[in-house]
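The sequence shown begins at 55 in the numbering used here and counts up by one.
Where is the CB? At the ideal position from N, CA and C, for every residue including glycine.
None of these values were measured; they are calculated from a predicted model.
See structure below.
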Amino acid sequence: MRDKMNNVQIGVDYYPEHWDESMWEADISLMKETGVKVVRVGEFAWSRLEPAEAVYDFAWLDRSLDLMARYGLQVVIGTPTATPPRWLTTAYPDVLPVFADGRTFHPGVRHHRCYNSRSLRLFGARITAELARRYAGHPAVIGWQTDNEFGMLDCHCDACNEAFRAWVRAKYDSLAALNAAWGTVVWSGEYGTWEELTVPYGGSPHQNPSLLLDYQRFQWDAVVSFQQEQIDLIRQYCPEHFITHNFHSYPQRLDQYAVGAALDVASFDYYPNTSPLKQETTPYSGALSLDVTRGIKRRNFWIMEQLSGSPGCWMPMWRTPHPGMIRAYVWQAIARGADTVVHFRWRSAVAGAEQFWHGLIDHSNVPGRRFAEFAGLCGEVNELSERLKGSVLQHEVAILHSHEQKVALDIQPQAEGFDYYENIKLVHRSLTKLGIGCDVIHAGEPLDGYKLVIAPSLYVLDEPLAAQLEAFAAAGGTLLLTPRTGVKNPDNLCVMSPLPGLLSRAAGVTVAEYDPVGRETHALVDGEGRTYACSQWCDLLTPDTAEPVAWYGDDFFAGIPAVTANRFGAGQVYYFGTFAEESYWTALLARLAGEQELQRFAGLPDGVQATVRRGPGGRFLFLLNLNRVTQTVTLPAGYRRALGGGEVPAGELALAPFGVEILELPE
Ligand code: GLA
Ligand code: ZN
Numbered sequence: 055m056r057d058k059m060n061n062v063q064i065g066v067d068y069y070p071e072h073w074d075e076s077m078w079e080a081d082i083s084l085m086k087e088t089g090v091k092v093v094r095v096g097e098f099a100w101s102r103l104e105p106a107e108a109v110y111d112f113a114w115l116d117r118s119l120d121l122m123a124r125y126g127l128q129v130v131i132g133t134p135t136a137t138p139p140r141w142l143t144t145a146y147p148d149v150l151p152v153f154a155d156g157r158t159f160h161p162g163v164r165h166h167r168c169y170n171s172r173s174l175r176l177f178g179a180r181i182t183a184e185l186a187r188r189y190a191g192h193p194a195v196i197g198w199q200t201d202n203e204f205g206m207l208d209c210h211c212d213a214c215n216e217a218f219r220a221w222v223r224a225k226y227d228s229l230a231a232l233n234a235a236w237g238t239v240v241w242s243g244e245y246g247t248w249e250e251l252t253v254p255y256g257g258s259p260h261q262n263p264s265l266l267l268d269y270q271r272f273q274w275d276a277v278v279s280f281q282q283e284q285i286d287l288i289r290q291y292c293p294e295h296f297i298t299h300n301f302h303s304y305p306q307r308l309d310q311y312a313v314g315a316a317l318d319v320a321s322f323d324y325y326p327n328t329s330p331l332k333q334e335t336t337p338y339s340g341a342l343s344l345d346v347t348r349g350i351k352r353r354n355f356w357i358m359e360q361l362s363g364s365p366g367c368w369m370p371m372w373r374t375p376h377p378g379m380i381r382a383y384v385w386q387a388i389a390r391g392a393d394t395v396v397h398f399r400w401r402s403a404v405a406g407a408e409q410f411w412h413g414l415i416d417h418s419n420v421p422g423r424r425f426a427e428f429a430g431l432c433g434e435v436n437e438l439s440e441r442l443k444g445s446v447l448q449h450e451v452a453i454l455h456s457h458e459q460k461v462a463l464d465i466q467p468q469a470e471g472f473d474y475y476e477n478i479k480l481v482h483r484s485l486t487k488l489g490i491g492c493d494v495i496h497a498g499e500p501l502d503g504y505k506l507v508i509a510p511s512l513y514v515l516d517e518p519l520a521a522q523l524e525a526f527a528a529a530g531g532t533l534l535l536t537p538r539t540g541v542k543n544p545d546n547l548c549v550m551s552p553l554p555g556l557l558s559r560a561a562g563v564t565v566a567e568y569d570p571v572g573r574e575t576h577a578l579v580d581g582e583g584r585t586y587a588c589s590q591w592c593d594l595l596t597p598d599t600a601e602p603v604a605w606y607g608d609d610f611f612a613g614i615p616a617v618t619a620n621r622f623g624a625g626q627v628y629y630f631g632t633f634a635e636e637s638y639w640t641a642l643l644a645r646l647a648g649e650q651e652l653q654r655f656a657g658l659p660d661g662v663q664a665t666v667r668r669g670p671g672g673r674f675l676f677l678l679n680l681n682r683v684t685q686t687v688t689l690p691a692g693y694r695r696a697l698g699g700g701e702v703p704a705g706e707l708a709l710a711p712f713g714v715e716i717l718e719l720p721e
């Protein structure tokens, strides 16, 4: 039954507890009629499932799931632990997180729970076990979502202090080792007893960066072990069901790879910005989010919440999705490896904090324009479902991503405007516009099959990762490195060797001096004399075995190498000493694509994206115009339309605003 997670299909998020029971059957029969296949329920319903301590009421959920089963819908149940009920937080206030200044995170709407709280662990495990036991054999249930949108809380409660102390002790063993690793001698921060060690309470605006990085790692482990307790119970009672978690809003401080490791499939909550003012960036940042999600488990994924109407409440409302936008962004998700796409939510809430985060159906309960678009989409997805099943994306380019880097760089911002994830966005956007598919994977993952690996700012670098990247290049790969590589060791201490530290040999270059130029724009001149803008950072490079390929064009470093390329074994290593504007990346990546014969769909106009899914049912080229104007692409002969069938003549193919073409390639 775990195989059901591989179906290509559409779902909805539904909250039976929010609606009068007399409405359920009409809702569920309309879901069925519309072509919906999956419903997610239950996350947040703790107070209805366990109205008082150890008093359970599953009757209502039984009745709604039975109805769903009767209509042939499949169900994913979310564990409700993101919303501890009042009886729990009142009788066991240790559930509530504590801010650095000692204030309590009181129940507001949700997420008022400390991952290390003993009471949360105890009662969270109990409700999870009760649910798993009860629904293990229910005919509608196919899988589980742990909690909802894990995030970092930076809790400072007693339980966190105790757990942090134990974590640090287990890692360093002795106070002497801890003091050395964190360099606490600086400014008399040495610990003389374990009791002196606490989570960072704040107050003082600055803290030891080694402490802060370990505090993050500690929290990652706390989320992982909190989740693992639920996973163990679900696996025990429901060995046939799959388990997922819904990640959201990248970049996250949460280590998605650590949380994802124990899951069967990763999920993402996808709310592309509806504003036309963001039109130039939204399709590309969305593409990156989807690629990041596919990278969590290096396999296809789910969207657990998908844009359905005007988002609001957490901010003033955004524009309503333009006609075609709901459909096009679902196809974008599928084009990048989503199998099931679940829409948030069936109907907009009439109560609670989120009344204006619109669902597919408005408060009026009259299905309108957006619902009609959704219904059409369900039909299309169902038409292709069987043939898309088992199809995957295969790429020759990878971007390495790491929460360690993001967190360490956030702890010590390097220069104005220097943003780890924004720098990844720029490279990813450039590749996407060039029509070069890429994977975004966790730094340290195996690199087999890749020709080109881009490793932005490996600021905290350990020997195994450096050795792996050296070996990749030596074996014939092309490796691209950027500023702030090899700066720190895993304890977050600066290394005492020329940068890029452990990768200097492979890069064949060292950084003689650097200048954190921040938001200033400087000039970069390539070998053909073309000038580009660069900013954030300028490493002044001294090539050793490397050849310069671009130089600075201004300031006191005019004429000094800014980008170098080094032959290394059978491969090559590029070192970028600065962050160049997108057109420089585009020129360089296009050249590399030519040299290395990278698979590519060339000639994409603005906002149009192309990806390929291959599988037992065929090879499918997805062409998506995520734009409000008509765009044209040029196609060779031989393509057939997957939807509806029919040959596509060679030559120009027009894509309407938010137009989607799914074309079958001959084998
Ligand atoms: C998140 C949550 C949902 C809902 C949406 C909209 O993705 O998981 O419960 O709140 O945001 O805000
Ligand atoms: Zn806590």
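Non-local C-beta neighbours of residue 379 in its own chain, meaning closer than 6 Å and more than five positions away in sequence, comprise 712, ordered along the chain. Here residue 474 is not near residue 487, since their CB atoms are 7 Å or more apart. The C-beta of residue 91 has 16 or more other C-beta atoms within 10 Å across all chains shown, which makes the residue buried. Assigned with DSSP and collapsed to three states, residue 432 falls in helix.
Annotated three-state conformation of residue 188 is helix, per DSSP.
Minimum Cα-Cα distance from residue 196 among the listed residues 570, 59, 720 corresponds to 59. Listed in chain order, the non-local C-beta contacts of residue 584 below 8 Å within the same chain comprise 641, local neighbours out to five positions each way being set aside.
At a cut-off of 6 Å, the beta-carbon of residue 220 does not count as near the ligand ZN: no heavy atom of the ligand is closer than that. Remark: the shortest separation between the CB of residue 323 and any heavy atom of the ligand GLA falls under 6 Å. Contact fails between the region 235-242 and the region 301-320, because fewer than three Cβ pairs, one in each stretch, are under 8 Å apart. By the CB criterion at 7 Å, residue 462 and residue 513 fall inside the cutoff. The region 624-637 makes no contact with the region 344-364: fewer than 3 CB pairs, one atom from each, lie closer than 8 Å.
Here residue 336 carries a helix assignment [DSSP, helix/strand/coil]. Residue 71 has its Cβ no nearer than 6 Å to any heavy atom of the ligand GLA.
Just measuring C-alpha positions, the residue of 222, 674, 298 sitting nearest residue 266 is 222. Shortest Cα-Cα distance from residue 480 to any of 149, 497, 453 involves 453. Excluding its 5 nearest sequence neighbours in each direction, residue 709 has C-beta neighbours in its own chain below 6 Å: 679, 685, listed in chain order.
Using a 10 angstroms sphere on the CB of residue 591, the tally of other CB atoms reaches 16 or more, which defines it as buried.
In the same chain as residue 471, and ignoring 5 residues on each side of it, the C-beta atoms closer than 6 Å to its own belong to 572, 573, 590, in chain order.
Exclusion of residue 165 from the 6 Å shell around the ligand GLA follows from its C-beta lying no nearer than that to any non-hydrogen atom of the ligand. Every beta strand (DSSP E) of 3 residues or more that sits fully in the region 473-553 is shown, in chain order, as 492-496, 506-509, 532-535. Its Cα nearest to that of residue 127, the residue 85 stands out among 330, 96, 85, 150. For residue 558, the closest of 611, 619, 505, 582 by C-alpha to C-alpha distance is 619.
The C-beta of residue 176 has fewer than 16 other C-beta atoms within 10 Å across all chains shown, which makes the residue exposed.
If you draw a straight line from the Cα of residue 306 to the Cα of residue 494, it comes to about 15 Å. The region 283-310 contains, as complete beta strand (DSSP E) runs of 3+ residues, the segments 296-302 (chain order). A distance below 7 Å between beta-carbons, with the five flanking residues on each side excluded, links residue 445 to the following residues of its chain, in chain order: 667, 668, 669, 671, 674. For residue 455, DSSP records a beta bridge to 496. Annotation for residue 154: 210, 255, 256 place their beta carbon closer than 6 Å to its own, counting only its chain and skipping 5 residues before and after. About 14 Å separates the beta carbons of residue 423 and residue 413, which is beyond the 8 Å limit, so they are not a contact pair. C-alpha of residue 536 to C-alpha of residue 634: approximately 10 Å in a straight line.
Contact between residue 515 and residue 556 holds: their C-beta atoms lie close to 5 Å from each other, under 8 Å. Looking at the backbone, the Cα of residue 146 and that of residue 173 are separated by about 6 Å.
Shortest gap from the CB of residue 299 to any heavy atom of the ligand GLA: 6 Å or more. If you draw a straight line from the Cα of residue 563 to the Cα of residue 617, it is about 10 Å long.
Residue 159 sits in coil when the DSSP states are folded into three classes, being neither helix nor strand.
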